[in-house]
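Engineer:
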């Protein structure tokens, strides 16, 4: 075997310096470098924290009731059902007198892991809606890259900051939680606690779940779209309004200082995602 053929084999098997091997589909840098979606019909593969999407569509940078922010990240792609949900929700919020909503990350063009910011958002069925309710004059997308947003939660996360958290925040969260097509809505546990204080026992609270961070935005998650057999849901929210001892756990030392995960191999992406990543 000649030296040229041997070099070719080494390149294919090991990869060039700085370039992921073809079989390594777990690296976030690989997915983040892809600028356009995989062609073909929408196809959601895997779960929201370990998966990908083909046939994704892009949320326009502007529309009736919304403005996309940080568009330079190229993370406003999703399943058509997700895009339709965002547009419908923004229109409903506008009809109730809310200002334009700032829409944060959805997914990358082909989903997959991200280099920073999210462990989920990998399959085109997640979207971040910022909870800034101030007026928003229309400006070019490039001027929305460095927007700062105020936390609605006290520094110790014991409750909401009543100087900035208002009845209108409650109304917007409720509007989202009651909208058809939603699986669940994640907010900081302090926000959930305030919602429980005001609306304990109401059915819509079941879909509002506490999670770390999320002190200035709500994370919308949709269920697997119809006809997507390769999509993996995470199961329905627990029964009840969630205003119980499980909410108190978030103020315990275990919750505030979680133990580091033991080292181990990275999770394996669904094998079908290799085809999505390589599609041309």
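Residue numbers (our numbering): 571 to 850. Just so it is clear, CB atoms sit at the ideal spot from N, CA and C, and this is done for glycine as well.
(1) Residue 799: beta carbon under 7 Å from a heavy atom of the ligand ZN?
(2) Put residue 711 into one of helix, strand or coil per three-state DSSP.
(3) Would you mind reading off the limits of the alpha helix (DSSP H) that contains residue 759?
(4) Taking the beta strand (DSSP E) that residue 696 belongs to, which residues open and close that run?
(5) If we ignore side chains and look at the alpha-carbon of each, how far apart do residue 601 and residue 669 end up?
(6) How big is the Cα-Cα spacing for residue 718 and residue 700?
(7) Which word fits residue 538, buried or exposed, when buried means at least 16 other C-beta atoms lie within 10 angstroms of its C-beta?
(8) Would residue 765 be called buried (16 or more neighbouring beta carbons within 10 Å of its own) or exposed?
(9) Less than 8 Å between the C-beta atoms of residue 677 and residue 648, yes or no?
(10) Per the contact definition of three or more C-beta pairs closer than 8 Å, is the stretch 616-631 in contact with the stretch 806-813?
(11) Three or more beta-carbon pairs under 8 Å between the stretch 752-772 and the stretch 809-825, yes or no?
(12) Check residue 647 in the structure and name its three-state DSSP category.
(13) Smallest Cα separation from residue 653: which of 666, 631, 769?
(14) Can you have a look at residue 593 and say buried or exposed, based on whether 16 or more other CB atoms are within 10 angstroms of its CB?
(15) From this set, 842, 780, 812, 771, which residue's C-alpha is nearest residue 801's C-alpha?
(16) Are the beta-carbon atoms of residue 785 and residue 758 separated by less than 8 Å?
(17) How many angstroms separate the CA atom of residue 591 from the CA atom of residue 835?
(18) Between residue 752 and residue 792, is the Cβ-Cβ spacing less than 8 Å?
(19) Could you tell me which of 780, 731, 693, 640 sits nearest to residue 709, measuring between CA atoms?
(20) Quick one: is residue 586 buried, meaning 16 or more other Cβ sit within 10 Å of its Cβ, or exposed?
(21) Please classify residue 816: does DSSP put it in a helix, a strand, or coil?
(22) To the nearest angstrom, report how far apart residue 658 and residue 797 are at their CA atoms.
Structural biologist: On the basis of the coordinates in this document:
(1) Absence of the ligand ZN from the depicted structure is noted, as is the absence of any ligand whatsoever, leaving it without description.
(2) helix
(3) 759-769
(4) 696-700
(5) 34 Å
(6) 11 Å
(7) Here the chain covers residues 571 to 850 and nothing more, so residue 538 does not appear.
(8) buried
(9) yes
(10) no
(11) yes
(12) strand
(13) 631
(14) Residue placement at residue 593 is poorly supported in this model, since its pLDDT is 47, which falls under 50; the coordinates still yield a value, given next. Residue 593 should be labelled exposed.
(15) 842
(16) yes
(17) A caution first: residue 591 carries a pLDDT of 43, below 50, which makes its placement in the model unreliable, though a value can still be read off. So the alpha carbons of these two residues sit roughly 17 Å apart.
(18) yes
(19) 640
(20) Summary for residue 586: the model assigns pLDDT 29, below 50, so the residue's position carries little reliability; its value from the coordinates is reported in the next sentence. Its Cβ having fewer than 16 others within 10 Å, residue 586 is exposed.
(21) helix
(22) 21 Å
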